[in-house]
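Colleague: Using UniProt numbering, you'd call the opening residue of the sequence shown number 1 and step up by one each time.
One structure follows; several queries about it will come next.
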Amino acid sequence: MNTTISNSTLKATIKHSGAELTSLKDNQNKEYIWEGNPDFWGKHSPILFPIVGTLKNNTYTVNGKEYQLPRHGFARDMEFQLIDKTENSATFSLQSNEETLKKYPFEFELQLIYTLNESALDIQYKVINKSSDKMPFSIGAHPAIALHENFENYAFEFEKKETLKYYLLENDLISNNTKVLESTDNKVPLNYKLFENDALIFKTLESKSLTILENSKPYIKVDFEDFPSLGLWTKDQAPFICIEPWLGYSDTAENSGDLFEKEGILVLNSNQIFNSKFSIKIL
1 MNTTISNSTL KATIKHSGAE LTSLKDNQNK EYIWEGNPDF WGKHSPILFP IVGTLKNNTY
61 TVNGKEYQLP RHGFARDMEF QLIDKTENSA TFSLQSNEET LKKYPFEFEL QLIYTLNESA
121 LDIQYKVINK SSDKMPFSIG AHPAIALHEN FENYAFEFEK KETLKYYLLE NDLISNNTKV
181 LESTDNKVPL NYKLFENDAL IFKTLESKSL TILENSKPYI KVDFEDFPSL GLWTKDQAPF
241 ICIEPWLGYS DTAENSGDLF EKEGILVLNS NQIFNSKFSI KIL
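Below is the structure:
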């Protein structure tokens with residue numbers, strides 16, 4: 001099942017499975033979200049919860065008990081309920097249940113709130129801890145932006161001039177090896193070789209927005225003020241680029257396995273509500 005929201009500029013379609021954005025079109029019917037061709041990658045813009053990235057051995061512990069979670073958690077593969085809808089907004093909810101409690105022993109509600117605001121789509125995450133105990137979690141976005149021209153015709157433009165240090169993955173875990181993404185005037189030309197070792201993972205960035213340039217002209221801007229970390233990713237020869245605002249990231253090889261000790265983890269008190277928001281703006 002899908003829900004569509006619209007305003008005078010944009011139309012967005014969200015499927016109830018995973019509350020996943022599958023389409024964002026302008027009033028000229030131009031598509032800005034990757035189509036999800038499984039030959040490259042069968043997703044569009046999944047939600048990453050209650051972890052971002054990969055756990056060591058796909059395993060973690062809470063209070064000494066062992067649990068398993070797949071890469072990026074389970075929310076992206078679950079059915080959400082549409083709980084509120086207006087012409088230009090839609091709110092989806094996922095509640096903990098018997099199935100989630102086996103993998104993640106906390107009672108929660110996760111809401112995704114999509115709102116069209118002129119030429120931008122705002123995506124808000126709301127996490128409610130309904131447990132009587134503290135709840136550790138990570139949350140992140142994974143939108144794939146459709147690229148209609150040759151990959152090399154595009155570039156990143158970071159908001160601020162800074163040293164773009166990113167961490168390399170080894171066996172899907174964060175290693176201690178880093179590289180610096182070379183930039184000129186905050187711009188980084190795209191080529192597939194940048195991603196030959198999988199995603200580029202920035203634990204911290206001064207920039208809180210990233211613009212994709214198409215033939216040196218602004219194409220799409222992603223604002224992520226609430227997110228300290230960022231992943232950038234594509235597949236070889238794929239006509240998309242993922243700009244991924246994160247609160248959390250994969251385990252390191254040295255990780256203890258205790259979820260409360262995981263680097264980058266967030267912790268909510270009982271009945272506490274967490275909010276964060278990012279936006280995709282058509283330029």
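All residues carry an ideal CB built from backbone N, CA and C; glycine is no exception.
Does the segment 198-210 come close enough to the segment 116-130 that 3 or more CB-CB pairs lie under 8 Å?
Modeller: No, the segment 116-130 is not in contact with the segment 198-210.
Colleague: Which residue comes first and which comes last in the alpha helix (DSSP H) that contains E263?
Modeller: Careful: E263 lies outside any alpha helix (DSSP H) and carries neither H nor E.
Colleague: Taking DSSP's pairing of strands, which residues face Q272 in a bridge?
Modeller: Paired residues: none, contrary to the question.
Colleague: How about I51 and S138: are their beta carbons less than 8 Å apart?
Modeller: Yes, these two residues count as a Cβ contact at 8 Å.
Colleague: Would you call the CB atoms of N269 and K126 closer than 8 Å?
Modeller: The answer is no: Cβ separation not under 8 Å.
Colleague: Just mark A238 as buried or exposed, buried being the case when its beta carbon has 16 or more other beta carbons within 10 Å.
Modeller: So A238 counts as buried.
Colleague: Would you kindly work out how many angstroms separate the C-alpha atoms of G231 and E196, rounded to a whole number?
Modeller: Distance between the alpha carbons of G231 and E196 is about 14 Å.
Colleague: Write down the C-beta distance between L173 and K25 rounded to the nearest angstrom, noting that I regard them as a contact closer than 8 Å.
Modeller: Going by Cβ atoms, the distance from L173 to K25 rounds to 37 Å, so no, they are not a contact pair.
Colleague: Just to confirm before moving on: does the CB-CB distance between P136 and F260 stay below 8 Å?
Modeller: Yes. Within cutoff.
Colleague: Residues in the same chain with beta-carbon distance under 7 Å from E214, minus the five sequence neighbours each way, listed in chain order, please.
Modeller: Once the five neighbours on either side are set aside, the close Cβ partners of E214 are E149, N153 and Y154.
Colleague: N215 by DSSP, collapsed to three states: which one?
Modeller: Looking at N215 - three-state DSSP - the assignment turns out to be coil, as it is neither helix nor strand.
Colleague: When you compare the CB positions of I33 and A199, do they come within less than 8 Å of one another, or not?
Modeller: The answer is no: Cβ separation not under 8 Å.
Colleague: Please report the distance separating the alpha-carbon of Y166 from that of G18.
Modeller: So the alpha carbons of these two residues sit roughly 29 Å apart.
Colleague: Just list the beta strand (DSSP E) runs in the segment 158-228, keeping only unbroken ones of 3 residues or longer that don't cross its boundaries, in chain order.
Modeller: As far as the segment 158-228 is concerned, its whole beta strand (DSSP E) runs of at least 3 residues are 164-170, 173-181, 187-189, 200-202, 209-214 and 217-223.
Colleague: If you measure between the beta carbons of T204 and S183, is that distance less than 8 Å?
Modeller: Contact: no.
Colleague: Closer than 7 Å by C-beta to T100: which residues in its own chain qualify, once you throw out the five before and the five after it? Chain order, please.
Modeller: Closer than 7 Å at Cβ, skipping near neighbours: F74.
Colleague: Can you check whether the CB of P245 is closer than 8 Å to the CB of A90?
Modeller: No. Outside cutoff.
Colleague: Measuring CB to CB, does R71 end up less than 8 Å from I47?
Modeller: No, the Cβ-Cβ distance between R71 and I47 is not below 8 Å.
Colleague: Would S279 and L112 qualify as a contact pair, given that the criterion is a beta-carbon distance under 8 Å?
Modeller: Cβ atoms of S279 and L112: not closer than 8 Å.
Colleague: Can you list, in chain order, the residues of its chain whose CB lies under 6 Å from that of Q68, leaving out five sequence neighbours each side?
Modeller: Excluding sequence neighbours, Q68 sits near N58 and T59.
Colleague: Let me know if E157 comes out buried or exposed under the rule of 16 or more other beta-carbons within 10 Å of its beta-carbon.
Modeller: The residue in question, E157, is buried, as its Cβ has 16 or more Cβ neighbours within 10 Å.
Colleague: What three-state label does DSSP hand A238 in the structure shown?
Modeller: Of the three classes helix, strand and coil, the one that applies to A238 here is coil, per DSSP.
Colleague: With distance defined between alpha-carbon atoms, name the residue in E254, S131 and F240 nearest to L147.
Modeller: The option with the nearest alpha carbon to L147 is F240.
Colleague: Look at the alpha carbon of T54 and the alpha carbon of A253, and state the distance between them as a whole number of angstroms.
Modeller: Cα to Cα, the separation comes out at about 11 Å.
Colleague: From this set, G64, G264 and I123, which residue's C-alpha is nearest N88's C-alpha?
Modeller: Out of G64, G264 and I123, I123 has the C-alpha closest to the C-alpha of N88.
Colleague: Comparing C-alpha positions only, which one of P189, L82, F40 and E35 sits nearest to K217?
Modeller: Cα-wise, what sits closest to K217 is P189.
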